[in-house]
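Residue numbering for the sequence shown follows the numbering used here, starting at 480 and increasing by one per position. Beta carbons: idealized from backbone N, C-alpha and C, even for Gly. Since the structure is predicted, the reported quantities are computational estimates derived from the model, not experimental observations. A quick write-up on the structure given underneath.
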Amino acid sequence: MDQVDKLDAARAVGLALEAGFELAGIAPARPVPEASHFIEWAESGLAGEMGYLTDHRAGIRLDPRRLLPAARSVLCVAKLYHGPEPLSVECGDHTRGWISRYAWGEDYHDVLRGALKRLAGRLEAANGRPFAHRIAVDTAPFLDVAYARHAGLGWIGKNTCLINEQRGSWFFLGAVLMGLELAPGAPPPDRCGACTACIDACPTRAIVASPRAPSGHTVDARRCISYLTIELRGAIPEKLRPAMGRHVFGCDICQDVCPWNRRAPQAREDAFAPRLFNPPLDRLATLTEAEFRTLFRATPVSRAKYRGFLRNVCVAMGNSRDSGYRGQLEKLAASADPMIREHAGWALARLG
Numbered sequence: 480m481d482q483v484d485k486l487d488a489a490r491a492v493g494l495a496l497e498a499g500f501e502l503a504g505i506a507p508a509r510p511v512p513e514a515s516h517f518i519e520w521a522e523s524g525l526a527g528e529m530g531y532l533t534d535h536r537a538g539i540r541l542d543p544r545r546l547l548p549a550a551r552s553v554l555c556v557a558k559l560y561h562g563p564e565p566l567s568v569e570c571g572d573h574t575r576g577w578i579s580r581y582a583w584g585e586d587y588h589d590v591l592r593g594a595l596k597r598l599a600g601r602l603e604a605a606n607g608r609p610f611a612h613r614i615a616v617d618t619a620p621f622l623d624v625a626y627a628r629h630a631g632l633g634w635i636g637k638n639t640c641l642i643n644e645q646r647g648s649w650f651f652l653g654a655v656l657m658g659l660e661l662a663p664g665a666p667p668p669d670r671c672g673a674c675t676a677c678i679d680a681c682p683t684r685a686i687v688a689s690p691r692a693p694s695g696h697t698v699d700a701r702r703c704i705s706y707l708t709i710e711l712r713g714a715i716p717e718k719l720r721p722a723m724g725r726h727v728f729g730c731d732i733c734q735d736v737c738p739w740n741r742r743a744p745q746a747r748e749d750a751f752a753p754r755l756f757n758p759p760l761d762r763l764a765t766l767t768e769a770e771f772r773t774l775f776r777a778t779p780v781s782r783a784k785y786r787g788f789l790r791n792v793c794v795a796m797g798n799s800r801d802s803g804y805r806g807q808l809e810k811l812a813a814s815a816d817p818m819i820r821e822h823a824g825w826a827l828a829r830l831g
């Protein structure tokens, strides 16, 4: 006699919430309308040099069944990372470099992957028998924001972040693709309305009109401070450097100013507690490569690589207009690395 699956949507969502995720919902494992917008975005060049978004993996993102052929449903989850520390727009000290909120603690990929593996085990136990499944964090070729929307976790804002009406947008997203047919949720209404707070606050004007996007807007990665300080491996375009302020890794401005984040709750995950909050630029400028690796080991900051991070620090020092950094910048201008030399030279010129 064939075994019967016992797991239903309500139980799956309940287990995800019990596992420590603040939001959970079910989406169908089939193509979604946002997929065509993603392809259009990638093909238009807005992804910049992020080849992993435009190579053969771009096609995989169009259908979850290309990741897991047996997939029938997707359990989408969201994990808060917001803490009690001030927002970047509230910290105006030009002597300190801003590291994006999500990167203050342990690498969220590892935290979420471990939690999702444990959740998958609980799902199978509740089902009474194993089933085909696959875990997806944001390194997988999977449109996590789009499927989270279709699972009912929130809508997609003009800054392309998932926004939940009660809890804002300070979330990490993950998913379990499952070979089970579970009742799906439904996308909530878009509640951004005519608000343009994120568009108006972006220093580099990276949020641009895109009629086919869910919100009517998308992000031009080539202008985004997060892209410039993390993903871009070469020189930062000179015309964008002054607008980068003191950002040395990532940017939070569009979320800082979002009205839906005014009452955002705080995370309960100790792993996301800050190791290094709003660090002094003069300390960052003197880090050796070994010290950089030690300081940022197992955190997202390591993705920028040492030379990219020093490049960012040079730009932040230049934007400070603080002549006290001249000595450190002169040392960096003598670096054996031509990219660091060039950015340090630009910063020295900016100091006048």
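Asked	Found
List the whole-angstrom C-beta distance separating I732 from P779, where the pair is believed to meet the contact cut-off of C-beta under 8 Å.	Not a contact, Cβ separation roughly 18 Å.
Taking 7 Å as the limit between beta carbons, can you name the residues of its chain near D586, skipping five residues before and five after?	A777, T778, P779
Below 9 Å between beta carbons: does that hold for A654 and V553?	yes
Please report the distance separating the alpha-carbon of Y626 from that of T773.	36 Å
Hey, would you say A498 sits closer than 9 Å to R597, going by beta carbons?	yes
Can you tell me whether W442 is helix, strand or coil according to DSSP?	Residue 442 lies beyond the residue range present for the chain, which begins at 480 and ends at 831; the question has no answer from this structure.
Whether or not the region 717-736 and the region 572-587 are in contact is what I'm after, with contact meaning three or more pairs of Cβ atoms, one per stretch, closer than 8 Å; do they touch?	yes
Could you give the residue range of the beta strand (DSSP E) that holds T697?	696-698
If you reduce the DSSP assignment to three classes, tell me which class G803 lands in.	helix
Would you call the region 509-517 and the region 537-548 in contact, with 3 or more CB pairs under 8 Å?	yes
Straight-line CA distance for S802 to G631?	51 Å
What's the gap between the Cα of K784 and the Cα of H822?	16 Å
What's the C-alpha gap between C671 and P609?	41 Å
Assuming A557 is part of the alpha helix (DSSP H), what are its boundary residues?	Per DSSP, A557 belongs to no alpha helix (DSSP H); it is in the beta strand (DSSP E), 552-559.
State yes or no: is the C-beta of A583 within less than 9 Å of the C-beta of L755?	For clarity, residue 583 is Trp in the given sequence; the question names Ala instead. Contact flag set, yes.
Can you list, in chain order, the residues of its chain with a C-beta nearer than 7 Å to that of A549? Leave out the 5 residues immediately preceding and following it.	A611, G658
Which stretch, first to last residue, makes up the beta strand (DSSP E) that contains M657?	650-657
Do you know how far the Cα of R490 is from the Cα of L719?	49 Å
Please classify L641: does DSSP put it in a helix, a strand, or coil?	strand
Can you tell me where the beta strand (DSSP E) with V687 in it begins and where it stops?	686-688
Which residues share a DSSP beta bridge with L622?	Answer by DSSP bridge pairing: none, since L622 is not bridged.
Could you say which of I819, A605, F775, R691 lies nearest to G787 if we only look at CA atoms?	I819
Give the C-beta separation of W634 and P666 to the nearest angstrom, bearing in mind that I take them to be a contact with Cβ-Cβ under 8 Å.	7 Å
Just mark A506 as buried or exposed, buried being the case when its beta carbon has 16 or more other beta carbons within 10 Å.	buried
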